[in-house]
């Protein structure tokens with residue numbers, strides 16, 4: 073299972089924006105927890121290939137976070 077962040081309100085969008093520019097995860101994970109769901113890796117790969125999701129700050133975190 074892989075985490076997928078669902079930004080369903082302005083707070084989630086602000087947290088994701090901050091994560092785009094972050095060097096460390098810090099307290100972001102705790103704050104993003106209400107917006108995170110676990111999906112199977114195959115489903116994540118399918119969504120990624122279809123262009124429906126994108127990694128967040130891939131430079132610093134690899135493909136650890138998607139939105």
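Residue numbers (the numbering used here): 73 to 139.
All C-beta atoms in this analysis are idealised placements derived from N, C-alpha and C, irrespective of residue type, glycine included.
Nearest-angstrom Cα separation, counted from residue j out to residue i
i, j, result
"residue 103", "residue 86", "11 Å"
"residue 84", "residue 98", "16 Å"
"residue 120", "residue 136", "13 Å"
"residue 115", "residue 81", "23 Å"
"residue 90", "residue 105", "15 Å"
"residue 111", "residue 94", "24 Å"
Run of the beta strand (DSSP E) containing residue i, from where it starts to where it stops
i, result
"residue 88", "Taken as a continuous stretch (DSSP letters only), residue 88 belongs to no beta strand (DSSP E), being part of the alpha helix (DSSP H) at 82-92."
"residue 78", "Element bounds for residue 78: n/a, residue is neither H nor E."
Best match in the options for proximity to residue i [C-alpha to C-alpha]
i, options, result
"residue 133", "105, 111, 101, 107", "101"
"residue 130", "73, 82, 92, 75", "92"
Beta-carbon contacts of residue i that lie in its chain and below 7 Å, excluding the five residues immediately before and after
i, result
"residue 78", "107, 109"
"residue 139", "77, 79, 88, 125, 126, 128"
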